Structures are given as structure tokens and as C-alpha cells.
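Chemist: Numbering (my numbering), first residue to last: 2 to 321.
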Amino acid sequence: MLNNISQAEAVELCYENVNGSCVKTPYSPGSRAILYTVLGLGAVLAVFGNSLVIVAILHFKQLHTPTNFLIASLACADFLVGVTVMPFSTVRSVESCWYFGESYCKFHTCFDTSFCFASLFHLCCISIDRYIAVTDPLTYPTKFTVSVSAICIVLSWFSSVTYSFSIFYTGANEEGIEELVVALTCVGGCQAPLNQNWVVLCFLLFFIPTVAMVFLYGKIFLVAKHQARKIESTASHTQSSSESYKERVAKRERKAAKTLAKVLGVTVVVFMISWLPYTIDTLIDAFMGFITPAYIFEICCWFAYYNSAMNPLIYALFYP
Numbered sequence: 002m003l004n005n006i007s008q009a010e011a012v013e014l015c016y017e018n019v020n021g022s023c024v025k026t027p028y029s030p031g032s033r034a035i036l037y038t039v040l041g042l043g044a045v046l047a048v049f050g051n052s053l054v055i056v057a058i059l060h061f062k063q064l065h066t067p068t069n070f071l072i073a074s075l076a077c078a079d080f081l082v083g084v085t086v087m088p089f090s091t092v093r094s095v096e097s098c099w100y101f102g103e104s105y106c107k108f109h110t111c112f113d114t115s116f117c118f119a120s121l122f123h124l125c126c127i128s129i130d131r132y133i134a135v136t137d138p139l140t141y142p143t144k145f146t147v148s149v150s151a152i153c154i155v156l157s158w159f160s161s162v163t164y165s166f167s168i169f170y171t172g173a174n175e176e177g178i179e180e181l182v183v184a185l186t187c188v189g190g191c192q193a194p195l196n197q198n199w200v201v202l203c204f205l206l207f208f209i210p211t212v213a214m215v216f217l218y219g220k221i222f223l224v225a226k227h228q229a230r231k232i233e234s235t236a237s238h239t240q241s242s243s244e245s246y247k248e249r250v251a252k253r254e255r256k257a258a259k260t261l262a263k264v265l266g267v268t269v270v271v272f273m274i275s276w277l278p279y280t281i282d283t284l285i286d287a288f289m290g291f292i293t294p295a296y297i298f299e300i301c302c303w304f305a306y307y308n309s310a311m312n313p314l315i316y317a318l319f320y321p
């Protein structure tokens with residue numbers, strides 16, 4: 002009996018004097034400090050890293066190219082994740098409570114989905130841009146113009162914002178699972194469960210761009226290798242006095258192929274590592290009655306969030 006009373010008193014609530022309050026997950030001071038540092042660092046990297054990319058592209062006129070405009074828009078999406086999503090998610094993850102009101106909970110979910118999917122769609126557009134640039138370099142300037150880049154940017158933003166707000170702001174994500182939502186809801190929580198129909202669409206929105214990126218970067222790598230062999234073969238038929246030229250060309254082309262392979266590996270691996278856990282978890286949860294422990298879900302979310310912090314490094318440093 003005394004043990005039960007002690008356990009009841011030991012339970013911490015998000016709002017002590019409110020009925021139906023969420024239970025607060027207790028962490029030691031050391032654990033809380035580590036969590037705030039790690040999660041907060043992600044937000045800082047996302048904000049400052051993407052700010053540098055945006056300022057650099059806007060400031061230097063020589064960087065005003067279709068590709069770099071896409072990268073700047075991508076950086077803007079990731080910057081907004083770092084400003085409007087990650088700081089609040091940091092508090093939610095560490096405190097296991099939502100202290101920012103029910104209204105902003107809904108907006109936070111919409112911002113989260115909008116900016117993360119905008120980032121995803123921009124990555125896909127950049128892969129298309131790079132594919133055209135490598136496979137058809139002579140006509141690339143006329144095919145992928147600033148206007149085409151602007152269309153890609155508008156479509157990426159429009160589709161992601163429309164998708165997010167049409168689902169979460171209207172409450173369409175809860176249709177058919179109202180009883181389960183009521184059972185999961187408590188004061189101090191901020192949950193946005195997806196029903197089975199919407200979660201399948203969410204999975205497709207992840208899967209299709211991923212497959213497209215793998216295919217396009219794979220083609221880029223194959224084309225680069227083919228071009229390297231072709232140039233080396235052509236150079237081998239020149240006069241013996243040009244042997245040094247052949248060696249220089251072959252070396253340069255091999256280096257380019259390796260660079261593209263590195264970009265392919267870094268881009269796809271980071272993207273997959275960041276998004277795959279969250280996407281699989283939400284898909285399984287919708288069909289298994291949302292049985293995933295809260296801490297597992299938070300880890301999956303932060304893998305996806307950290308992609309916004311990594312993108313400035315990948316796309317600003319690896320792309321010419």
C-alpha cells in the first residue's frame with residue numbers, strides 16, 4: 002500500500018493541477034543537459050548553416066544560377082525548420098510536455114510537415130538539375146533556366162504547404178480514428194496521428210522522391226564513367242606527343258567520376274538515414290494502433306530534423 006502511494010506521489014505531471022494532464026518523463030539533471038545540448042545544437046546548425054548559404058547566394062552575383070537558387074530555397078526551408086520547429090520540439094522531447102498552447106501545436110505540426118517536405122522536394126529538384134547538367138551539358142543552359150528553377154521552387158513550396166495544412170489544420174488526419182485520438186490525448190501533449198489513408202500517401206511522398214534520387218544520381222555516375230572512358234579512348238588515338246594530355250584528361254575525368262560517386266553516396270545515405278526511420282515508424286504505427294513508445298518516435302523525428310542541419314554542408318560544399 003505504501004509503495005503504491007510512493008509511486009503515485011513520484012509521478013510528475015505536465016500540469017499538476019489540471020485533470021487529464023500528461024505524465025512527464027523524469028530525467029536526471031545530467032541527462033537533461035545532454036539532451037538539450039544535442040538537440041539544441043541541431044537547431045543552431047540548421048539556423049546558422051542555412052543562413053550562411055542563403056546570404057552567400059543572394060550576396061554574390063556570380064552565384065545567381067538556377068542550381069544555386071534551388072539550393073537557396075532549400076536552405077530557406079531548412080532554416081524555417083530550425084526556427085519554427087526544432088526549438089519547440091527540443092523542449093517537447095526533453096520535458097515530454099507541450100507548453101506552447103493548443104493553437105501553436107497545430108501550427109507547429111503544419112510547419113513541421115510543410116518545411117520538411119519542401120526540403121525533400123527541393124532535394125529531388127536538385128537531383129534533376131544535376132542529371133541534366135551532366136547528361137546534356139551543351140543544352141543544359143537552355144533547358145534548366147532560372148524560370149524553370151523558379152517553377153520547381155514554387156511547386157515544391159505549394160505542394161508541401163497545401164499537403165500539410167489540408168491534412169493537419171483541418172483535422173483530416175484524425176478521420177476514422179477519433180476514438181483512438183481521444184484515448185491518446187492528454188493535457189500537455191501535442192500529437193498528430195495519421196490515419197491509414199494519409200499515412201500511405203505520406204509514405205509515397207517519401208518513397209517516390211527517394212527512388213527518383215537514387216535513379217538520377219546512379220545515371221549521373223554511369224554517364225560520368227562512360228564519358229571518362231570515351232575521352233580516354235579518344236585521347237589514346239592522338240599522336241605520341243600528346244600522351245601527357247591523355248593522362249591529364251583521364252585523371253581529371255576519373256576524379257570527376259569519384260566526386261559524383263561521393264555526392265551520390267553522401268546525398269542518398271544521409272537522406273535515407275534521416276527519413277527512413279520516421280517514415281517506417283509512422284507507417285507501422287497507423288496499422289498497429291500507435292504502439293511505438295514515445296522516446297522511439299522522438300528519436301525518429303530528430304533523425305529527420307537533423308537532415309535540415311546537414312543539407313547546408315552537403316549541397317553547399319559538394320556541389321560546384
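Glycine included, each C-beta is placed from N, C-alpha and C at the ideal position. None of the values given here were measured: they were computed from a predicted structure.
If you reduce the DSSP assignment to three classes, tell me which class Val24 lands in.
Modeler: strand
Chemist: How many Å lie between Tyr16 and Val224 at the Cα?
Modeler: 60 Å
Chemist: Here's the rule I'm using: 16 or more other beta-carbon atoms within 10 Å means buried, otherwise exposed. How should Arg33 be labelled?
Modeler: exposed
Chemist: Under 8 Å between the Cβ atoms of Ser128 and Met214?
Modeler: yes
Chemist: Can you find the residues in the same chain that come closer than 6 Å, C-beta to C-beta, to Phe145, ignoring five residues on each side of it along the sequence?
Modeler: Pro67, Asp130, Ile133
Chemist: Return the first residue and the last residue of the alpha helix (DSSP H) that Pro30 is part of.
Modeler: 30-60
Chemist: Could you check where the alpha helix (DSSP H) with Ala193 kicks off and where it finishes?
Modeler: Unbroken run through Ala193: none, as it is neither H nor E.
Chemist: Grab me the residues of Val12's own chain with a C-beta within less than 7 Å of its C-beta, minus the 5 sequence neighbours each way, in chain order.
Modeler: The answer, listed in chain order, is Val24.
Chemist: State the DSSP-derived secondary structure class of Val188, mapped to helix, strand or coil.
Modeler: strand
Chemist: Could you please give the first and the last residue of the uninterrupted alpha helix (DSSP H) stretch that includes Leu139?
Modeler: Looking at the DSSP string, Leu139 is not in any alpha helix (DSSP H), and its letter there is neither H nor E.
Chemist: Can you list the beta strand (DSSP E) stretches of 3 or more residues lying completely in the region 121-171, in chain order?
Modeler: none
Chemist: Would you grab the beta carbon distance between Phe80 and Val48 for me? Rounded to a whole angstrom, and I think it's under 8 Å.
Modeler: 6 Å
Chemist: Where DSSP assigns a beta bridge to Glu13, which residues make up the other side?
Modeler: For Glu13, which the question treats as bridged, DSSP gives the partners Lys25.
Chemist: What three-state label does DSSP hand Ile292 in the structure shown?
Modeler: Ile292: coil per DSSP, three-state reduction.
Chemist: Helix or strand or just coil, what does DSSP make of Ile209?
Modeler: In the structure shown, Ile209 sits in a helix (DSSP, three-state: H, G or I).
Chemist: Please report the distance separating the alpha-carbon of Cys98 from that of His60.
Modeler: 41 Å
Chemist: Does the Cβ-Cβ distance between Phe204 and Thr280 come in under 8 Å?
Modeler: Yes, these two residues count as a Cβ contact at 8 Å.
Chemist: Please classify His109 as buried or exposed, where buried requires at least 16 other C-beta atoms within 10 Å of its C-beta.
Modeler: buried
Chemist: Can you say whether Leu185 is buried or exposed, counting buried as having 16 or more other CB atoms within 10 angstroms of its CB?
Modeler: The Cβ neighbour count for Leu185, taken over all protein chains shown within 10 Å, is under 16; the residue is labelled exposed.
Chemist: Please check the pair Pro194 and Asn174, which I expect to be a contact at CB under 8 Å, by giving their CB distance rounded to whole angstroms.
Modeler: 7 Å
Chemist: Output needed for Ser94: all residues of its chain with C-beta closer than 8 Å, excluding positions within five of it in sequence on either side, in chain order.
Modeler: Excluding residues within five positions, the ones whose Cβ falls inside 8 Å are Leu36, Leu40, Glu299, Cys302, Trp303.
Chemist: Using the beta-carbon count (16 or more within 10 Å), is Phe288 buried or exposed?
Modeler: exposed
Chemist: Leaving out the 5 sequence neighbours to the left and right, which residues in its chain are closer than 6 Å to Leu217 when beta-carbon positions are compared?
Modeler: The residues are Ser128, Tyr132.
Chemist: Determine, using beta-carbon pairs with one atom in the region 112-128 and one in the region 149-164, whether at least three such pairs fall under 8 Å.
Modeler: yes
Chemist: Of the residues Glu96, Ala57, Val86, which one's Cα is nearest the Cα of Pro30?
Modeler: Glu96
Chemist: To the nearest angstrom, how far is it from the Cα of Ala76 to the Cα of Asn312?
Modeler: Straight across, the Cα-Cα distance linking Ala76 with Asn312 is about 8 Å.
Chemist: Quick one: is Leu202 buried, meaning 16 or more other Cβ sit within 10 Å of its Cβ, or exposed?
Modeler: An exposed status is given to Leu202, since fewer than 16 other beta-carbon atoms sit within 10 Å of its beta-carbon.
Chemist: Should Ile154 and Phe272 be called a contact, given that it needs their Cβ atoms to be closer than 8 Å?
Modeler: no
Chemist: For a test of the three-state rule: what should DSSP assign to Gly83, helix, strand or coil?
Modeler: helix
Chemist: According to DSSP, is Gly102 part of a helix, a strand, or is it coil?
Modeler: If DSSP states are grouped into helix, strand and coil, Gly102 belongs with coil.
Chemist: Buried or exposed: which applies to Pro138, given that a residue is buried once 16 or more other Cβ atoms fall within 10 Å of its Cβ?
Modeler: exposed
Chemist: Does Tyr100 pass the burial test, meaning 16 or more other C-beta atoms within 10 Å, or should it be called exposed?
Modeler: Counting Cβ neighbours within 10 Å, Tyr100 comes out exposed, since fewer than 16 surround it.
Chemist: Going by DSSP in three states, Val270 sits in which element: helix, strand or coil?
Modeler: helix
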